[in-house]
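S.K.: Residue 356 in my numbering sits at position 143 of the sequence shown, and the numbers go up by one each step.
Glycine included, C-beta positions come from ideal geometry on N, C-alpha and C.
I have a structure here, written as structure tokens, and I will follow up with some questions on it.
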Amino acid sequence: MKYRKLNLNELEDLREDFVHFLAANSVTADDWVMIKQADPTLAGEMIEVFSDIVWEKILAKIQYVRMISKKMIRVMHFGEKKAEMIQLTIDHPEFSFSNPDQIRSIAEGTADLKSFDPEMIKGSKTYSDSRELEVFLALEQGGQPTDEVFWRSLKSMVPEVES
Numbered sequence: 214m215k216y217r218k219l220n221l222n223e224l225e226d227l228r229e230d231f232v233h234f235l236a237a238n239s240v241t242a243d244d245w246v247m248i249k250q251a252d253p254t255l256a257g258e259m260i261e262v263f264s265d266i267v268w269e270k271i272l273a274k275i276q277y278v279r280m281i282s283k284k285m286i287r288v289m290h291f292g293e294k295k296a297e298m299i300q301l302t303i304d305h306p307e308f309s310f311s312n313p314d315q316i317r318s319i320a321e322g323t324a325d326l327k328s329f330d331p332e333m334i335k336g337s338k339t340y341s342d343s344r345e346l347e348v349f350l351a352l353e354q355g356g357q358p359t360d361e362v363f364w365r366s367l368k369s370m371v372p373e374v375e376s
């Protein structure tokens, strides 16, 4: 198994897709009931294969992942051959990235980012494994898919620094 097995709620949401998956593998509804009862290991393996297929499709579409905490924003761009990362950390008692108004004021330029003594880091790395596995790991660590606008907004706030 490459990623992780889909949980029951996820499988329920993908019920129709799973039925198509079974049909494509010549497994009827009656066959599936019998497999689950007679060979739970095989049933589990089939769910694992389906899970990997679902994850591959999802991960291939994700290009940007963000992680936000009170003191830090990290955005990653997963390109074809490498991942780029921008991280902005502010350890100031009067600032929190969980406050949308403060983020907006910095983005709009009404608050001076430098007054909060930010630490800004940029970096990149080539994939040691597959691109999709790197995206999956970022999601499993609490990242959330985001869009290019979010990436560009943060990139515009962070001056050029050494990678």
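Taking only heavy atoms of the ligand COA into account, decide whether any of them is closer than 8 angstroms to the Cβ of Ser337.
M.R.: The ligand COA is absent from the structure shown, which contains no ligands of any kind.
S.K.: How should Glu293 be labelled, buried or exposed, when 16 other C-beta atoms within 10 angstroms of its C-beta is the threshold for buried?
M.R.: Result: exposed.
S.K.: Look at the Cβ atom of Glu353, then the Cβ atom of Arg228, and state whether they are nearer than 9 angstroms.
M.R.: Not closer than 9 angstroms, so no.
S.K.: Any idea what DSSP makes of Ser264, helix, strand or coil?
M.R.: Helix at Ser264.
S.K.: DSSP three-state call for Ile334: helix, strand or coil?
M.R.: Here Ile334 sits in strand by DSSP.
S.K.: Please name the residue in Ser239, Leu346, Pro358, Asp243 whose C-alpha comes closest to that of Val295.
M.R.: In the sequence as presented, Val is not what sits at residue 295; that position holds Lys. Closest by alpha carbon: Leu346.
S.K.: Is it true that the CB of Gln357 sits closer than 9 angstroms to the CB of Val267?
M.R.: No. Outside cutoff.
S.K.: With the cut-off set at 9 angstroms, would you say Ala351 and Met280 are in Cβ contact?
M.R.: The answer is yes: Cβ separation under 9 angstroms.
S.K.: Counting only runs of 4+ residues fully inside the stretch 229-311, write out the alpha helix (DSSP H) ranges in chain order.
M.R.: Listed in chain order, the complete alpha helix (DSSP H) runs (minimum 4 residues) inside the stretch 229-311 are 242-251, 253-274.
S.K.: Nearest CA to the CA of Met283: which residue from Asp252, Ala273, Pro306?
M.R.: Per the sequence presented here, residue 283 reads as Lys, with Met not at that position. Comparing Cα-Cα distances from Lys283 to each of Asp252, Ala273, Pro306, the minimum goes to Pro306.
S.K.: Evaluate Glu225 with the Cβ neighbour count: other Cβ atoms within 10 Å of its Cβ, from every protein chain shown; 16 or more gives buried, anything less gives exposed.
M.R.: It is exposed - the Cβ of Glu225 has fewer than 16 other Cβ atoms within 10 Å.
S.K.: Taking the straight line between their C-alpha atoms, what separation do you get for Asp252 and Val240?
M.R.: Asp252 and Val240: Cα-Cα distance of roughly 14 angstroms.
S.K.: If we call anything under 9 angstroms between Cβ atoms a contact, is His290 one with Gln300?
M.R.: Cβ atoms of His290 and Gln300: not closer than 9 angstroms.
S.K.: Quick one: what does DSSP say Gln354 is sitting in, helix, strand or coil?
M.R.: Residue state, collapsed to three classes: coil.
S.K.: The alpha helix (DSSP H) with Met370 in it runs from where to where?
M.R.: That run of the alpha helix (DSSP H) goes 361-370.
S.K.: Kindly list the residues whose CB is nearer than 7 angstroms to the CB of Leu272, restricted to its own chain and excluding five residues on each side of it in sequence; keep chain order.
M.R.: Contacts found: Glu345, Val348, Phe349.
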